[in-house]
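Chemist: In mature numbering (1 follows the signal peptide of the UniProt record, and there is no 0), the protein residues as written are -19 to -1, 1 to 387.
For glycine and all other residues, C-beta sits at the position ideal for the given N, C-alpha and C.
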């Protein structure tokens, strides 16, 4: 019977079909042979170097029991992981999520959901689940939850790391170690020391990849650029002793708080990442600048904000228009008042002119000018002395002294 589960679980196996289209399904469709009915081992090789399935015992995991009011019950169960290589051989996937060469952290690390199965989960069950994932379902975007028989599923907190094991400039092969430790789910922590973790060894063959890079100038042709890429293969998958110790968290120093605010403490040495789902949301880790900015951009009621801002600006424009209209009315009233005063002054001038003519203030015999039109009164000309002659005047002889007769 096909069970349609949570939306996070529907992609559990569908990505594997795209990565490895020619999966051997010899035990599907009710094959009852002894090999198909034996329980899966810790690691099952489905396609060498490309597709593996790991069954990780989880003594702390609770089972989702729909018959109980609490919703959970204790019981033996294993976590089912699939480790696959992408079709272009450039990435390694865990349950359909990329974990190598890098684990994305923006806006948050990948959410990894895994199925819980009984310890006696067989190869026939696995092949039937893979065959089911090739079919189309009505819900969840056409994907089905096909792990059957299934005890439910968990959304994992995890400890992830990646480190380089071998690198030689003389050979084109490099080797890395990827570890994945399931730390718990939203309900309970998997903190038992006897729990195991996944260790995936990846080999990469250096290849040169040619791409065309367009220059900034429109008049220059595109240039070929060679980039280094790796043709990956999964060398091995193992269950090993876990490395996470669940350290107690003390108070952060000022420098640690600054690094956390800018998101500098997410990735540690050797690509070490500890992901707790409760510490993250869709915009990043809580308490970081990225998270606060994401809340402002996506969660603020911007429609209401724009309505308020528009209302304030519209009200300000209306008040300014009323103010300008009031000024215009006052100016018009002032102009009208002065127009009336001009008429009054004009009337006063006319009345004064009539009175002056009637009283004979200007008589006929009185003239301000002489007959020769010479102004004897006021003149604008500046009275100046005549200039002295250039040559001294000749001295006139004194008259002779008259003789006086005695």
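#1: Please classify residue 288: does DSSP put it in a helix, a strand, or coil?
#2: Could you pull the DSSP bridge partners for residue 24 from this structure?
#3: Terminal residues of the continuous beta strand (DSSP E) containing residue 128?
#4: Beta-carbon within less than 8 Å of residue 175's beta-carbon, same chain only, minus the 5 sequence neighbours each way: which residues are those?
#5: Just verifying my parser: in three-state terms, what is the DSSP assignment at residue 19?
#6: Roughly how many angstroms separate the alpha carbons of residue 13 and residue 28, rounded to a whole number?
#7: Residue 23 to residue 261, Cα distance in whole Å?
#8: Comparing C-alpha positions only, which one of 66, 245 and 9 sits nearest to residue 115?
#9: Check whether the Cβ atoms of residue 139 and residue 163 lie closer than 8 Å to each other.
#10: Any chance you could list the beta strand (DSSP E) runs of at least 3 consecutive residues sitting entirely within the segment 229 to 260, in chain order?
#11: Which one or two residues does DSSP pair with residue 155 in a beta bridge?
#12: Can you tell which of 101, 143, 170 and 312 has the C-alpha that lies nearest to the C-alpha of residue 249?
#13: What separation, rounded to the nearest whole angstrom, lies between the Cα atoms of residue 212 and residue 290?
#14: Look up residue 112 in the DSSP assignment and say whether it is helix, strand or coil.
#15: Measure the C-alpha to C-alpha separation of residue 104 and residue 67 and round it to an integer number of angstroms.
#16: Just to confirm before moving on: does the CB-CB distance between residue 160 and residue 180 stay below 8 Å?
#17: Have a look at the DSSP bridge pairing and note the partners of residue 217.
#18: The beta strand (DSSP E) that contains residue 55, what's its start and end?
#19: With a Cβ-Cβ cutoff of 8 Å, do residue 45 and residue 133 count as a contact?
Modeler: Looking at the atomic coordinates:
#1: helix
#2: Answer is 35.
#3: Looking at the DSSP string, residue 128 is not in any beta strand (DSSP E), and its letter there is neither H nor E.
#4: Cβ-Cβ distances below 8 Å link residue 175 to 40 in the same chain, with the five nearest sequence neighbours on each side left out; the list follows chain order.
#5: coil
#6: Just so you know, the alpha carbons of residue 13 and residue 28 end up roughly 22 Å apart.
#7: 31 Å
#8: Answer by Cα proximity: 9.
#9: yes
#10: 254 to 256
#11: 148 and 185
#12: 143
#13: 55 Å
#14: Looking at residue 112 - three-state DSSP - the assignment turns out to be helix.
#15: 23 Å
#16: Contact annotation: residue 160 and residue 180 have beta-carbon atoms nearer than 8 Å.
#17: 182
#18: 53 to 55 is the extent of the beta strand (DSSP E) around residue 55.
#19: yes
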